[in-house]
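K.L.:
Protein chains in written order, with this note's numbering: chain A, 1 to 436; chain B, 1001 to 1190.
1) Identify each residue in the segment 1118-1143 of chain B for which the Cβ-Cβ distance to at least one residue of chain A is less than 7 Å, and report them in chain order.
2) When the cut-off is 8 Å and only beta carbons count, does residue 143(A) lie next to chain B?
3) Between which two residues does the alpha helix (DSSP H) containing residue 124(A) stretch?
4) Since residue 1007(B) meets chain A, which of its residues come closer than 7 Å, beta carbon to beta carbon?
5) If you draw a straight line from the alpha carbon of residue 189(A) to that of residue 152(A), how long is it in whole angstroms?
6) To which residues of the same chain is residue 135(A) closer than 7 Å at the C-beta, ignoring the five residues directly before and after it?
7) Given that a residue counts as buried once 16 or more other Cβ atoms are within 10 Å of its Cβ, and exposed if not, what is residue 253(A)?
8) Report the neighbours of residue 153(A) on chain B: residues whose CB is nearer than 8 Å to its CB, in chain order.
9) Exposed or buried, which one is residue 257(A) when buried takes at least 16 other CB atoms within 10 Å?
10) Output yes or no for whether 8 Å exceeds the beta carbon distance between residue 166(A) and residue 215(A).
11) Pick out the complete alpha helix (DSSP H) segments inside the segment 64-147 of chain A, 4 residues or longer, and give them in chain order.
12) Using the beta-carbon of each residue, which ones in chain B are nearer than 9 Å to residue 192(A)?
13) At the 8 Å Cβ level, is residue 1015(B) part of the contact set with chain A, yes or no?
14) Please state whether DSSP places residue 1121(B) in a helix, a strand or coil.
15) Return the first residue and the last residue of the alpha helix (DSSP H) that residue 1136(B) is part of.
16) Which residues in chain A sit within 8 Å of residue 1097(B), going by Cβ to Cβ distance?
17) Could you check whether residue 112(A) and residue 84(A) sit closer than 8 Å to each other, using their CB atoms as the reference points?
18) Three-state secondary structure (DSSP) at residue 1112(B)?
19) I need the DSSP call for residue 1164(B), collapsed to helix, strand or coil.
20) Please tell me whether residue 161(A) and residue 182(A) are closer than 8 Å, where the distance is taken between their beta carbons.
21) Check whether the Cβ atoms of residue 1007(B) and residue 147(A) sit closer than 8 Å, and answer yes or no.
22) Does chain B have any CB closer than 8 Å to the CB of residue 113(A)?
23) Do residue 1098(B) and residue 1080(B) come within 8 Å of each other at the CB atom, strictly closer than that value?
24) Quick test of your reading: residue 330(A) and residue 221(A), contact by CB under 8 Å. State the CB separation rounded to the nearest angstrom.
25) What separation, rounded to the nearest whole angstrom, lies between the Cα atoms of residue 1030(B) and residue 1040(B)?
26) Taking DSSP's pairing of strands, which residues face residue 1082(B) in a bridge?
27) In chain A, what lies closer than 9 Å to residue 1177(B) by C-beta?
28) Compute the distance between the beta-carbons of residue 1133(B) and residue 125(A), then report whether it is under 8 Å.
29) By the 10 Å Cβ neighbour count, where 16 or more other Cβ atoms means buried, how is residue 29(A) classified, buried or exposed?
30) What are the uninterrupted segments assigned as alpha helix (DSSP H) that are 4 or more residues long and contained completely in the segment 145-207 of chain A, given in chain order?
31) Here's the rule I'm using: 16 or more other beta-carbon atoms within 10 Å means buried, otherwise exposed. How should residue 31(A) be labelled?
32) Would you say residue 66(A) reaches chain B, if we count a Cβ-Cβ gap shorter than 8 Å as a contact?
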């Protein structure tokens, strides 16, 4: 855009559309913008280079150098982190203004520490499994994101702790340490959103943070909690809906952010699962939960925390006068909570209400898609409706002819919806062209 | 200028922690190697892989079980201390299982693997020793597995792991075929 505008400047000047002062200002603006923008390509290549070298070192050390003398093996183990520390020191002291240097050196030290730990556990034949190994590694490198202001360290750290949360959960070990490690990275995310909201890393973090929290929640709840898992996840998604719309995230230019996308998909999936009559039939622990102490049940603790967060963000959004452009999405979590409590006494009614809620969501998305002329939202609404109808086939006695006709109707609906919108956009474009 | 200084101090502190932790691992396990008592555990290996640390052979121990006189008070996944003693041929075996560590007696912190009923109110307990991974060169692990399997079938030589035990901590020092370290044995028998 800027290049096109700059190219057009002489013509605009010649035709006296703008004055020479304005042309000068435009040129100065884009020159300054180009200078202040970090050289992204340089940063990316620096990070890629360090990442490859660091991973290469880990692989080379994994080869096992047991034929070397013991002292040489131990020295070899400490070489990567020592080089990493020296390069980090150099970056901070002499290249403090260069993101490429800071990111590259941080990533090298990050991986160097991993290589050192791997070599030591190889040398002493330590029995720790991969999760124990990654746990030690992440503990030793987490301050790097703060010290080096390194986005890539934050990304790798999140990937590491998410792996930990999942593997602890799957092996039935307690995964609470995951949440402590998650909280340790949170200030970096918050500070970075204030300082560099438009950087690529922050955009990646907008996706990674919610994804990591989701997987961490699954890690804690997966093997133990049964039905209430869905309630807790719904609460988490309820928070995502609000956070994604808050002025805090919306400040960044990314049109759609990870919070909104993940909550939309997650809520739809949970509602689809809960739309089955059987789901509410073999109910579950609400009665048992009443007698349970809060601290005994990880699900209740998480539900409490997410519920509080939901209320907190809701009031913040109200204070910031955030526009509720999608009130039904915000209401899904509170509505689901009410249904969850009602379910033991009236499972059939609750199942019907969930179906109505899903149907309403689908219709609203289609309407929104048409209003905003956004094919993604339109088709998302159609997918919700299709999935809802497909799910009903499983628990309804319906003849094959009726099922077939329903699918043909939806197929025509898909085609017609998209075609009508395509025609509408095209007509508008033509009208704009003519008036221009 | 203030901000970079704080960062550099933090980096130095972090470097000390990172290298110090590495140093701690080295001193801790060197101490076990130097001061610990050595035991020979009969083994049967197989070879898996670790994404970060390369190839290793998984050691299965011939004497990883213990029979109790009464019914076992332990269950699967319980952590207990196994007192290690030597049999007539000088190989290690479990002398007793205890909930706490006895002072001055070589013992290893082990996980209960399985508990069987051995009849007449007795139980047989198998344990997981905390030294079942032996890291090897990537091209050696597979050969080692095959070699040890064939030696074990021919029964021509004893295959065993040398383990140092000190204050409940252990270091797997080497895997031997007769009197020769496994890695050297593989080089001699390509």
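Each residue gets a CB set at the ideal place from its N, CA and C atoms; glycine is no exception.
P.N.:
From the atom records:
1) Those would be 1130, 1131, 1132, 1133, 1134, 1135, 1136, 1137 and 1138, in chain order.
2) It does: the Cβ of residue 143(A) has a partner Cβ on chain B nearer than 8 Å.
3) Per DSSP, residue 124(A) belongs to no alpha helix (DSSP H) and is neither H nor E.
4) Simply 92 and 147.
5) Taken atom to atom, the span from the alpha-carbon of residue 189(A) to that of residue 152(A) is near 12 Å.
6) Around residue 135(A), the same chain offers 164 as residues with beta carbons nearer than 7 Å, after the five sequence neighbours per side are excluded.
7) Unreliable placement is indicated for residue 253(A), whose pLDDT of 49 sits below 50; no coordinate value is reported for it.
8) In chain order: nothing, as chain B lies at least about 12 Å away.
9) Result: buried.
10) Taking 8 Å as the Cβ cut-off, residue 166(A) and residue 215(A) qualify as a contacting pair.
11) Correct list: 70-94, 99-123, 130-141 and 144-147.
12) By Cβ distance, chain B contributes nothing, its closest Cβ being about 15 Å from residue 192(A), past 9 Å.
13) Yes - at least one Cβ of chain A is within 8 Å of the one on residue 1015(B).
14) The three-state secondary structure of residue 1121(B), taken from DSSP, is coil.
15) In the DSSP assignment, residue 1136(B) falls outside any alpha helix (DSSP H) and carries neither an H nor an E.
16) Neighbours of residue 1097(B) on chain A: none; closest Cβ ~19 Å, over 8 Å.
17) Less than 8 Å divides the Cβ of residue 84(A) from the Cβ of residue 112(A).
18) Strand at residue 1112(B).
19) In the structure shown, residue 1164(B) sits in a strand (DSSP, three-state: E or B).
20) The answer is yes: Cβ separation under 8 Å.
21) Yes, the pair counts as a contact, with Cβ atoms nearer than the cut-off.
22) Chain B contact via Cβ: present.
23) Yes, Cβ-Cβ distance for residue 1080(B) and residue 1098(B) is below 8 Å.
24) Beta-carbon to beta-carbon, residue 330(A) and residue 221(A) are separated by about 23 Å, too far to satisfy the 8 Å threshold.
25) About 19 Å.
26) In DSSP, residue 1082(B) forms a bridge with 1097(B) and 1108(B).
27) Simply none; closest approach about 16 Å.
28) Cβ atoms of residue 1133(B) and residue 125(A): closer than 8 Å.
29) Under this definition residue 29(A) is an exposed residue.
30) The qualifying runs are 151-170 and 176-195.
31) Residue 31(A) is exposed by the Cβ-count criterion.
32) With respect to chain B, the C-beta atom of residue 66(A) has a partner C-beta closer than 8 Å.
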